[in-house]
Amino acid sequence: MGDPAGIGGEISMMTWRDHRTALPPFYLLDDPDRLARLAAKTGITCPIVEITTPDEALSVARNALPVLRLSAPVHALPGDDSTADGRMVIEAIDRAIDASMDGSAAGMATNPIQKSRLYEAGFTAPGHTEYLGQRAGLEHPPIMLLAGPNLKVVPVTIHLSLKDAVIALTRDEIVRTLKTTIAALKSDFGIDTPRIAVSGLNPHAGESGHMGREEIDIIAPAIAEVADTGADIRGPLAGDTMFHPAARATYDVAVCMYHDQALIPMKTLDFDNGVNVSVGLPFVRTSPDHGTAYNIAGTASANPTSLVSAIRMAGEIANCRAQTQPDGALG
Amino acid sequence: MTAKPRIAIAIGDPAGIGPEIALKAALNRGVREFCEPIIVGDTEVLARYAHTLRKTPPENIVDLGAMNVNFLTPGESDAACGRAILEYAGRAIDMATSGEVDAVVACPQTQSSIKSAGIEFDGYPSYVAKRTGTDPDDVFMMLVSDRLRIAHVTLHVGVRKALDMIDHERIVRTLKAADVALKRIGIASPRIAVSGIDPHAGEGGLFGSDDIEIVAPAIAEARNAGIDASGPFGADTMYLDESFDAYTVMFHDQGHIPAKLIGFTGTAAFAIGTPILFSSVAHGSALDIAGKGKADPSALIWTLKQISGAAVSPG
Chain A
1028 MGDPAGIGGE ISMMTWRDHR TALPPFYLLD DPDRLARLAA KTGITCPIVE
1078 ITTPDEALSV ARNALPVLRL SAPVHALPGD DSTADGRMVI EAIDRAIDAS
1128 MDGSAAGMAT NPIQKSRLYE AGFTAPGHTE YLGQRAGLEH PPIMLLAGPN
1178 LKVVPVTIHL SLKDAVIALT RDEIVRTLKT TIAALKSDFG IDTPRIAVSG
1228 LNPHAGESGH MGREEIDIIA PAIAEVADTG ADIRGPLAGD TMFHPAARAT
1278 YDVAVCMYHD QALIPMKTLD FDNGVNVSVG LPFVRTSPDH GTAYNIAGTA
1328 SANPTSLVSA IRMAGEIANC RAQTQPDGAL G
Chain B
176 MTAKPRIAIA IGDPAGIGPE IALKAALNRG VREFCEPIIV GDTEVLARYA
226 HTLRKTPPEN IVDLGAMNVN FLTPGESDAA CGRAILEYAG RAIDMATSGE
276 VDAVVACPQT QSSIKSAGIE FDGYPSYVAK RTGTDPDDVF MMLVSDRLRI
326 AHVTLHVGVR KALDMIDHER IVRTLKAADV ALKRIGIASP RIAVSGIDPH
376 AGEGGLFGSD DIEIVAPAIA EARNAGIDAS GPFGADTMYL DESFDAYTVM
426 FHDQGHIPAK LIGFTGTAAF AIGTPILFSS VAHGSALDIA GKGKADPSAL
476 IWTLKQISGA AVSPG
């Protein structure tokens, strides 16, 4: 469901209406009554059918949007974030996790949430992705991989102030990110020998220490440690020259040191198609690479492309995992 | 600008490709349609390169006699070339200061030659500051590509040092410098978007308070001074709004990553914040191909176009 005051409901219905035949069967965890109201208000033609188990979605998904009902009604109106639906937002996430863990769903795609609205409902994680890591019992939060048609990027530090990001950037953290990324490219994207490009932190990757020492003291040793395991890995590279087309052709994923370094090229190259993949989880999870967009919610003007890509990619990753790990990481 | 702007082209390293591209640009009919190029260099040096090109040098040359052509070997830059580089640039800057020209474009220099002449030098921008009596801390870099103009609050410093340097005053000074430079190239009321320091510009304080405490008040002060600045915006989505005339970013990569991805036909680096309008050309002196007649003047031509305002659409 995501945040019911945001655009999640309408882009989900638009996705069903326009793209269902090209996507794996999917169902929503939501309040079917509020979706029906939203369809009427926005004029999106999307018949809704209530299901009671995920399996039922397979037979009905072509004719109507299957919805598993949440335990309480959802009241939020588009763009109005004053209603306390936080408990249902969390329940939708939890039930998607359970289904993905027990194998009744091949994976989950999540609509955007507004974290600040969930804290009063007992949400304690710093973000959606970290919450999934807690629920999966991981010691470290999952890694965020952003995938588009032109580029895949992984930021080592994500939603931290830049000051805190510089402090959080340690050799161990970079090594862990690199290893998890390499494993995911193999298992989730079917790339046998992933080629990794690693950015520096500082301009021109520090220019031999003239503009900061993190490249010499932290990043290069981390790269060397991972290269010793036989990985195809290069860096630290200058952030501003590693994204042009000729450079992109030489690697499968770019690992960057902070949010803007990874997200600027991603949004510039693949704004509509970017998908956020949580890497390192025991189940498949993707999400569209945008926010709740309260300002346009309820107007049917939102672009569902990123959600469409997220659902498609969740299916592809699930298939890939099934082939590379036939015994199943799906539990 | 009603009359064509007069642009001084300092020829840069006489042993590099600078004189050749200056000649090619100044003789280019298209260039002469949007500006009046004035080459600042040595007549004899230019005559030598013109001979290779089988061209007659243009009339508008300011001859400094800085370099004895008999001691010049194209491709072999030395201390004499180093001294000449700064004589050319210095005179061009002075011409802009006195109003003889509207702007200066400096062809590529060779830093090692300037240093071997015993002159302290760390790039054209700080030289412009020194020559015009400007505090080097007031000079900023605005990267100009064909779709983006991006002023940088900090540039070639490590991220930790940049975080220390960024404060209210520095952001306000950058915005003022950008506003002045944009008006000089013919944008009457420039609209400037300003990035944040932190991801999503701090997301309302969730990812750091610097954008609330430092960047937002600086933007407010710039607005009070009549500058149409807005933000702070998350740097990753800021460029999607193409309605701005320019963007201002806090860090090198926030500006250089998009500049090199969006419409990457070329970039010019304007030194802004000095009393004059100045740009260098985005490549080096290419000593290996100097004097062979095959240097490509398109980056210089492109820079002339940007700085003369010919790239600014009217209205």
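For the record, the sequence lines run as chains A and B. So for the first sequence, my numbering puts the first residue at 1028; every next one is plus one. So for the second sequence, my numbering puts the first residue at 176; every next one is plus one. Glycine is no exception: its CB is placed at the ideal position from the N, C-alpha and C atoms.
- With a contact defined as Cβ atoms closer than 8 Å, A/Cys1073 and A/Phe1216 miss out at about 31 Å.
- In the DSSP annotation of this structure, the continuous segment of the beta strand (DSSP E) that includes B/His327 starts and ends at 324-327.
- Under a criterion of Cβ atoms nearer than 7 Å, the residues of chain A adjacent to B/His331 are, in order, Pro1230, Met1238.
- Distance from B/Pro194 to B/Val220 at the Cβ level is roughly 6 Å; contact confirmed, criterion being Cβ atoms closer than 8 Å.
- The beta-carbon of B/Thr218 is placed no less than 9 Å from the nearest beta-carbon of chain A.
- Taking every protein chain shown into account, the CB of B/Phe246 has fewer than 16 other CB atoms within 10 angstroms, so this residue is exposed.
- In this structure, the straight-line span from the alpha carbon of B/Tyr224 to that of B/Ala183 is close to 19 Å.
- Note on geometry: alpha-carbon atoms of B/Gly409 and A/Thr1110 lie some 27 Å from one another.
- A/Leu1189 places its beta carbon less than 9 Å from that of B/Pro374.
- Under the three-state reduction of DSSP output, B/Glu295 falls in the coil class, being neither helix nor strand.
- Taking 9 Å as the cut-off, the beta carbon of A/Thr1208 is found closer than this to the beta carbon of A/Val1280.
- For the pair of segments examined, the segment 315-332 of chain B was found to touch the segment 348-357 of chain B: the number of CB pairs separated by less than 8 Å reaches three.
- Taking a Cβ-Cβ threshold of 9 Å, the residues of chain B close to A/Phe1298 are Thr412, Leu415, in chain order.
- Here B/Asp312 is not near B/Arg335, since their CB atoms are 9 Å or more apart.
- Contact annotation: B/Ala264 and B/Ala281 have beta-carbon atoms nearer than 9 Å.
- For the pair B/Gly187 and B/Ala197, the CB atoms are nearer than the 9 Å cut-off.
- Cβ contact annotation for A/Ser1305 (same chain, cutoff 7 Å, sequence separation greater than five): Thr1156, Leu1159, Pro1169, Met1171, Arg1312, in chain order.
- With fewer than 16 other CB atoms across the displayed protein chains lying within 10 angstroms of its CB, A/Tyr1146 is exposed.
- Within the DSSP secondary-structure output, B/Met270 pairs in no beta bridge.
- B/Ile367 places its beta carbon less than 9 Å from that of B/Ala404.
- Nearest C-alpha to A/Asp1219 among A/Pro1230, A/Gly1262, A/Tyr1278: A/Tyr1278.
- In this model, A/Leu1085 and A/Pro1051 are separated by some 9 Å (Cα to Cα).
- Taking C-beta separations shorter than 7 Å and ignoring five residues to either side along the sequence, the partners of A/His1046 in its chain run Val1335, following chain order.
- Per DSSP, B/Met340 lies in no beta strand (DSSP E); the unbroken alpha helix (DSSP H) holding it starts and ends at 334-340.
- Taken atom to atom, the span from the alpha-carbon of A/Ile1260 to that of A/Ala1254 is near 6 Å.
- Counting other Cβ atoms within 10 Å of its Cβ, A/Asn1303 reaches 16 or more and is therefore classed as buried.
- Along the segment 252-280 of chain B, none of the residues has a CB nearer than 9 Å to a CB of chain A.
- Nearest Cα to B/Ile289 within the set B/Ile464, B/Ser460, B/Lys467: B/Ser460.
- Beta-bridge partners assigned by DSSP to B/Phe426: none are found.
- For A/Glu1166, the closest C-alpha among the options A/Ile1338, A/Leu1308, A/His1317, A/Ala1329 is that of A/Leu1308.
- By the Cβ test, the segment 1324-1332 of chain A is not in contact with the segment 443-457 of chain B, since fewer than three Cβ pairs between them sit closer than 8 Å.
- In this structure, the alpha-carbon of B/Ala395 lies about 34 Å from that of B/Val276.
- Annotated as proximal: A/Leu1187 and B/Phe382, with beta-carbon spacing under 9 Å.
- Residues of chain B whose Cβ lies closer than 7 Å to the Cβ of A/Pro1292 are, in chain order, Ile432, Leu436.
- What A/Gly1233 touches in chain B, judged by beta-carbon distance under 9 Å, is Gly333, going in chain order.
- Short of 8 Å from the beta carbon of B/Thr442, and not among the five residues preceding or following it, lie these beta carbons of its own chain, in chain order: Leu318, Val319, Ser320, Ala434, Lys435, Ala457.
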